[in-house]
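S.K.:
There are 2 protein chains.
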Amino acid sequence: MKTSESRYSGCMYFSCSAFARKIEKIAVESWKPAGLSPGHAYLLMIVIEEPGVQPGILAGQLQLQPSTITRFIEKLEEKKLVVRTTEGKLTNVYPTPKGKAMHLKLKECVKHFYTAYSGVLGKDECARMVQSMNKLADKLAK
Amino acid sequence: MKTSESRYSGCMYFSCSAFARKIEKIAVESWKPAGLSPGHAYLLMIVIEEPGVQPGILAGQLQLQPSTITRFIEKLEEKKLVVRTTEGKLTNVYPTPKGKAMHLKLKECVKHFYTAYSGVLGKDECARMVQSMNKLADKLAK
DNA sequence: TAGTAATACTTGTATATACAAGTTTAATAT
DNA sequence: ATATTAAACTTGTATATACAAGTATTACTA
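Sequence lines, in order, name chains A and B. Counted from 1, the first sequence has number 81 at position 19 by our numbering; the numbering is strictly sequential. Counted from 1, the second sequence has number 134 at position 72 by our numbering; the numbering is strictly sequential.
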């Protein structure tokens with residue numbers, strides 16, 4: 063059944079989460095070559111581009127809860143892609159050489175992902191959509 | 063940090079999941095008076111309006127995997143809001159009296175939810191957004 | 001009519017993410 | 001200088017959801 067044929071196709075909750083799940087699926091597929099989930103991959107990219115970045119900053123950039131960031135970092139540490147140093151109440155996250163070596167691969171995944179969805183949806187429509195979602199997300203922030 | 067200020071504000075994965083999480087949050091809050099998560103609530107509403115509906119239909123209507131539907135039904139059975147009967151390979155789901163009694167309350171939650179987000183985002187913009195998301199979700203379907 | 005394929009779930013297991021509570025450190029106020 | 005509050009994580013625990021594999025039933029095919 064198409065999303066638009068559902069009896070709840072007029073409901074923001076329904077439409078939004080259905081759409082998000084589909085995008086998520088494409089993303090998961092796009093980052094499989096790197097062996098990472100999309101979220102982990104984005105975190106790693108920031109760490110590579112901004113070595114020493116703090117979890118709090120990562121939470122802001124990725125719009126995720128600090129606890130989620132901690133979990134992501136744990137996973138990436140297990141894979142020896144980042145390391146954490148703690149001094150006082152501050153924590154810094156750095157990429158390992160193995161992590162740094164993934165930069166190009168990760169960028170390719172980004173590109174693959176973009177190609178995958180914009181090919182189906184159209185670049186302009188995607189751009190408009192992303193902009194609207196950002197605008198609305200900001201309005202909803204408290 | 064605002065979503066639009068993130069270094070990934072141009073990325074569909076990022077923007078879409080951030081927006082979806084915010085909408086989800088409002089939804090969770092809206093359905094709290096009913097003691098249900100939004101997904102469970104929508105499933106229950108369909109069951110009330112369409113007694114005997116099958117899990118496969120529910121999966122189509124809610125755009126969720128059959129296994130997820132099974133889990134939802136289990137939860138609602140625990141709460142004595144629905145019952146399941148199985149005959150052959152077919153399963154039917156019915157609301158209990160306790161479930162049926164929630165219809166009005168659930169509709170109020172829907173209304174509260176709509177008021178909560180459309181108040182911030184504007185009704186027209188929301189309608190456009192929902193329509194776009196449905197359209198794009200359909201395009202992404204295989 | 002016997003064997004195979006398809007349907008319609010259900011179960012086992014895994015992941016992403018969240019919230020609330022806990023811990024340590026730093027900043028502020030008296 | 002001490003006491004209080006705030007900041008910056010981390011940990012325990014819970015939920016939504018998925019995928020893959022399993023089970024039972026029905027439909028199709030030769």
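Cβ atoms here follow ideal geometry from the backbone N, Cα and C, with glycine treated the same way. All figures in this text were calculated on a predicted structure; none of them were measured in a lab.
1. Does the Cβ of S92/B have 16 or more other Cβ atoms within 10 Å, making it buried, or fewer, making it exposed?
2. So if I threshold CB-CB distances at 8 Å, which residues from the segment 74-99 of chain B count as touching chain A?
3. Give every residue of the same chain whose Cβ lies closer than 8 Å to the Cβ of F17/B, excluding the five residues on either side of it in the sequence, and list them in chain order.
4. Rounded to the nearest angstrom, what separates L120/A and I108/A at their Cα positions?
5. So what's Y156/B in DSSP terms, helix, strand or just coil?
6. To the nearest angstrom, how far is the alpha carbon of G205/B from that of T158/B?
7. Between which two residues does the beta strand (DSSP E) carrying T148/A extend?
8. For Q123/A, which residues in chain B fall below 8 Å Cβ to Cβ?
9. Let's see if you can read the secondary structure: which residues bound the alpha helix (DSSP H) around C78/B?
10. Buried or exposed: which applies to P100/A, given that a residue is buried once 16 or more other Cβ atoms fall within 10 Å of its Cβ?
11. Which residues bound the alpha helix (DSSP H) around P113/A?
12. Between V192/A and chain B, is there a C-beta pair that is closer than 8 Å?
13. What residues in the segment 140-167 of chain A bring their beta carbon closer than 9 Å to a beta carbon of chain B?
14. If you check the beta carbons only, do Y104/A and F76/B fall under 8 Å apart?
M.R.: In short:
1. By the neighbour-count definition (other C-beta atoms within 10 Å, threshold 16), S92/B is a buried residue.
2. Residues of the segment 74-99 of chain B with a C-beta less than 8 Å from any C-beta of chain A: M74, Y75, F76, S77, C78, S79, A80, F81, A82, R83, K84, I85, E86, I88, A89, listed in chain order.
3. With chain B covering only 63 through 204, there is no way to say anything about residue 17/B.
4. Straight through space, the alpha carbons of I108/A and L120/A are spaced by roughly 8 Å.
5. Y156/B: strand per DSSP, three-state reduction.
6. Chain B is shown only over 63 to 204; residue 205/B falls outside these bounds and no answer can be derived.
7. Looking at the DSSP string, the run of the beta strand (DSSP E) that includes T148/A is 144-149.
8. For Q123/A, the neighbours in chain B by C-beta distance under 8 Å run, in chain order, M63, S68, R69, Y70.
9. Where C78/B is concerned, the enclosing alpha helix (DSSP H) stretches over 74-93.
10. If you draw a 10 Å sphere on the C-beta of P100/A, you find 16 or more other C-beta atoms in it, and that means buried.
11. No alpha helix (DSSP H) contains P113/A, which DSSP labels as neither H nor E.
12. Chain B contact via Cβ: present.
13. Within the segment 140-167 of chain A, no residue places its CB atom closer than 9 Å to a CB of chain B.
14. Remark: C-beta atoms of Y104/A and F76/B approach each other more closely than 8 Å.
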